[in-house]
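Asker:
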Amino acid sequence: MAPNLHLDVTINTTSPLEDLIPIIPLLRPDWKDEDVKFETLPRDVKAGLLNIMIICSCTADMENAVMFRIRRNEEISLDHFLNRDFEVKNIRLAHELYGFAPNVLATFKNGFCYDYIHGEVMTPESVRQETNWRTIAKQLAILHSTELQTEQKQQKCKFTQFSETLSDKYPDKLENPKENERNLPSKAEIIEEVKLVIDHVNALNCEIVLCHNDSRSENMVWNKETGEIAFVDWEASSLNPQAYEIAYHFRNYAGFEENDFSRYPDKEYQMQWLRVYLETFYHARTPTRIVSYNDLNRLYVQVNCMYLVFLIQSVAWVGTINDFQGMNFDIMEYGLNMHKKL
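Quick note, the sequence shown lines up with residues 5 to 346 if you use this note's numbering.
Structural data, given as structure tokens:
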């Protein structure tokens with residue numbers, strides 16, 4: 005198969021197998037038709053909310069399964085926060101340079117496929133195991149140290165994009181009258197809060213780097229035998245402040261649905277994690293630089309200020325969805341709970 009294979013087809017999201025079956029011989033020419041099977045993963049707020057995820061495997065060759073990722077063309081649209089072109093480019097970059105992203109096999113008009121990554125989906129508990137958090141800290145530092153090419157520098161910073169689009173995307177009222185009864189903050193209130201937080205964060209001069217932007221445990225696959233951890237779900241990847249990525253990762257120790265903030269890392273844990281991160285980041289950028297207390301404390305302050313951004317962004321993001329059908333999770337309640345923590 006040729007590298008960077010692109011198939012000029014749109015996968016039918018209602019009955020995708022009709023379009024996927026003819027693709028398999030291009031990806032796995034040695035597989036026999038009678039041995040091929042498909043498994044569609046359940047739709048969940050933690051995975052598959054915006055994409056249909058289908059595993060294709062062969063009974064005679066389970067090791068080389070293929071994961072198909074097909075964009076849903078439904079009511080939940082976050083395209084104003086996502087860049088599908090950069091998604092694949094950033095995956096390929098991270099795979100080729102670092103090996104902790106999937107190997108993309110082919111793209112098509114509404115998605116792509118890659119070598120299935122064997123292992124366990126991580127949990128808020130497993131990311132805290134010392135060997136794992138050290139690996140995650142190092143890999144995020146390596147990703148963040150990526151020397152940006154001209155095309156990457158043209159990517160919109162997600163942090164900036166969020167504030168710029170909020171006034172257009174956040175509605176005066178939601179379409180569903182019942183949702184309006186749940187006291188989502190008004191547009192004027194959200195815009196004012198965002199301005200205050202962003203002005204404060206901008207004064208910190210956070211470094212802008214290439215980020216995964218969705219580094220929660222559900223987007224990490226852990227191979228227990230090798231200790232390797234791979235990042236999946238790169239659709240939000242873009243330029244962003246390094247402190248935002250870390251703050252987002254720490255916040256998700258609480259779990260997405262559980263919201264158990266007793267698991268949010270304390271200062272001692274954060275300082276250990278951040279030291280490993282900075283040592284790796286500096287080694288990649290300036291090998292002779294030593295991590296000072298001021299370096300460590302500055303990043304700690306930046307991360308915890310960015311945590312405030314995430315809290316307000318959570319409820320602002322809910323407002324821009326405007327239609328909650330198709331979710332098996334109360335995303336409105338989630339956003340309101342985050343807003344209460346400000």
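Heads up, the beta-carbon is just placed ideally off N, CA and C, and yes, glycines get one too.
Can you tell me which of the three DSSP states V13 falls into?
Answerer: V13 falls in the coil class under three-state DSSP.
Asker: Tell me where the beta strand (DSSP E) around R75 begins and ends.
Answerer: V70 to R75
Asker: I'd like to confirm the pairing. Which residues does DSSP put opposite D119 in its beta bridges?
Answerer: V70
Asker: Thinking C-alpha only, which one of E272, S266, L303 and D270 is nearest E283?
Answerer: That would be L303, whose Cα lies nearest to the Cα of E283.
Asker: Cβ atoms of A247 and Q306: under 8 Å apart, would you say?
Answerer: yes
Asker: Taking contact to mean at least 3 C-beta pairs separated by less than 8 Å, is the stretch 130–150 in contact with the stretch 69–78?
Answerer: no
Asker: Let me know the beta strand (DSSP E) ranges lying completely inside the stretch 205–237, each 3 residues or longer, listed in chain order.
Answerer: 212–215, 224–226 and 233–235
Asker: If you draw a straight line from the alpha carbon of L243 to that of E211, how long is it in whole angstroms?
Answerer: 10 Å
Asker: If we call anything under 8 Å between Cβ atoms a contact, is V70 one with L31?
Answerer: yes
Asker: My understanding is that S221 touches N256, with C-beta atoms under 8 Å, so please give their C-beta distance in whole angstroms.
Answerer: 6 Å
Asker: Assuming the contact rule is C-beta atoms closer than 8 Å, I58 and L24 should be a hit. Round their C-beta distance to whole Å, please.
Answerer: 7 Å
Asker: Checking the sheet assignment: what are the DSSP bridge partners for T111?
Answerer: H10 and F116
Asker: What number of angstroms, rounded off, separates the C-alpha of N55 from the C-alpha of K199?
Answerer: 32 Å
Asker: Just grab the DSSP bridge partners of L278 for me.
Answerer: Its beta-bridge partners do not exist; DSSP assigns none.
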